[in-house]
């Protein structure tokens, strides 16, 4: 039998242990492998625990970025809307109206053009008037004195017709409830055409143009009191009282009823120049020996 030292036995056997798989101190080498496995498992658990908060931070940061981006978009849209509004890119409708019992109303458009509205009239235009076009719409009666602009024609939408001018003064009568449109030109030239543009006439100073159901008619104005609603001045040279009473209703909003039809055949030659209603009636009654009673704006005339 040969004798070996412990060191020599180890050289001849398995590294770190005997031929039966046990270490020199009698412990099992497999227990060392189990310990290493547990150590590796603990290490992985620790790595996962350390990675968890980082993952949550990344997810949380991603959500914050999405929210911030949405807020930036909303803020950007708000600023854009404010900028557009301040620059006048958002056009708003502006309406000016007069009551049937009110006085005439004078107004100035943004381009300096002047408009006088008769009673019971509505004028509409956009807040960006004059920037790309000069356009208004009208229902009722109005007088226009338009500032010259060769690049932008002035346009009136009168329901069944359109009136165009560059620099002129003219009167328009229209009622959206029917198809009749009437234009009187005082200065310059005016184009009157139907909405389709297929029927039109050019009006010179002193002419009246009418558009009725698409038919255009041109004639010379022979009524000296055509613009009296604007000036308040009525002139007569032997016209009968039925004509005078009709004019007083149109210009002064006076309703005059003659109790005797013969009153309407009397003739009148005096001018009426912005007097009060009661003063006008007294002048007429004094001239023809008439009496009157008044109910609101209605005057009843009778022979004495």
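Numbering (this note's numbering), first residue to last: 19 to 322. Note that beta-carbon positions come from the ideal geometry of N, C-alpha and C, so glycine has one too.
Alpha carbon to alpha carbon, how far is residue i from residue j?
{"i": "residue 263", "j": "residue 306", "result": "14 Å"}
{"i": "residue 312", "j": "residue 208", "result": "43 Å"}
{"i": "residue 238", "j": "residue 249", "result": "20 Å"}
{"i": "residue 91", "j": "residue 114", "result": "39 Å"}
{"i": "residue 135", "j": "residue 141", "result": "8 Å"}
{"i": "residue 316", "j": "residue 224", "result": "34 Å"}
{"i": "residue 116", "j": "residue 206", "result": "27 Å"}
{"i": "residue 174", "j": "residue 154", "result": "5 Å"}
{"i": "residue 40", "j": "residue 54", "result": "A caution first: residue 40 carries a pLDDT of 45, below 50, which makes its placement in the model too unreliable to give a value."}
{"i": "residue 181", "j": "residue 210", "result": "5 Å"}
{"i": "residue 258", "j": "residue 198", "result": "27 Å"}
{"i": "residue 284", "j": "residue 185", "result": "43 Å"}
{"i": "residue 110", "j": "residue 304", "result": "54 Å"}
{"i": "residue 176", "j": "residue 235", "result": "16 Å"}
{"i": "residue 278", "j": "residue 125", "result": "42 Å"}
{"i": "residue 254", "j": "residue 261", "result": "10 Å"}
{"i": "residue 299", "j": "residue 183", "result": "40 Å"}
What do you reckon, are the CB atoms on residue i and residue j nearer than 9 Å?
{"i": "residue 137", "j": "residue 292", "result": "no"}
{"i": "residue 190", "j": "residue 162", "result": "yes"}
{"i": "residue 247", "j": "residue 122", "result": "yes"}
{"i": "residue 227", "j": "residue 214", "result": "no"}
{"i": "residue 294", "j": "residue 310", "result": "no"}
{"i": "residue 164", "j": "residue 202", "result": "no"}
{"i": "residue 256", "j": "residue 287", "result": "yes"}
{"i": "residue 167", "j": "residue 144", "result": "no"}
{"i": "residue 281", "j": "residue 308", "result": "yes"}
{"i": "residue 178", "j": "residue 230", "result": "yes"}
{"i": "residue 243", "j": "residue 265", "result": "yes"}
{"i": "residue 112", "j": "residue 147", "result": "yes"}
{"i": "residue 170", "j": "residue 150", "result": "yes"}
Using the DSSP secondary-structure output, state which residues sit across from residue i in a beta bridge.
{"i": "residue 306", "result": "DSSP lists no partner for residue 306."}
{"i": "residue 181", "result": "174, 210"}
{"i": "residue 246", "result": "The partner list for residue 246 (beta bridge, DSSP) is empty, contrary to what the question assumes."}
{"i": "residue 203", "result": "188"}
{"i": "residue 291", "result": "251"}
{"i": "residue 236", "result": "227"}
{"i": "residue 158", "result": "192"}
{"i": "residue 144", "result": "111"}
Within the present structure, is the beta-carbon of residue i separated from the nearest heavy atom of the ligand SAM by less than 8 Å?
{"i": "residue 302", "result": "In terms of ligand content, the structure shown is empty, and the ligand SAM therefore cannot be addressed."}
Check the C-beta distance from residue i over to residue j and give it rounded, since I have them as a contact under 8 Å.
{"i": "residue 275", "j": "residue 318", "result": "5 Å"}
Exercise. Are there three or more Cβ pairs, one per stretch, closer than 8 Å when the segment 210–222 is compared with the segment 125–136?
Worked result: The answer is no - the segment 125–136 does not touch the segment 210–222, with fewer than three Cβ pairs under 8 Å.
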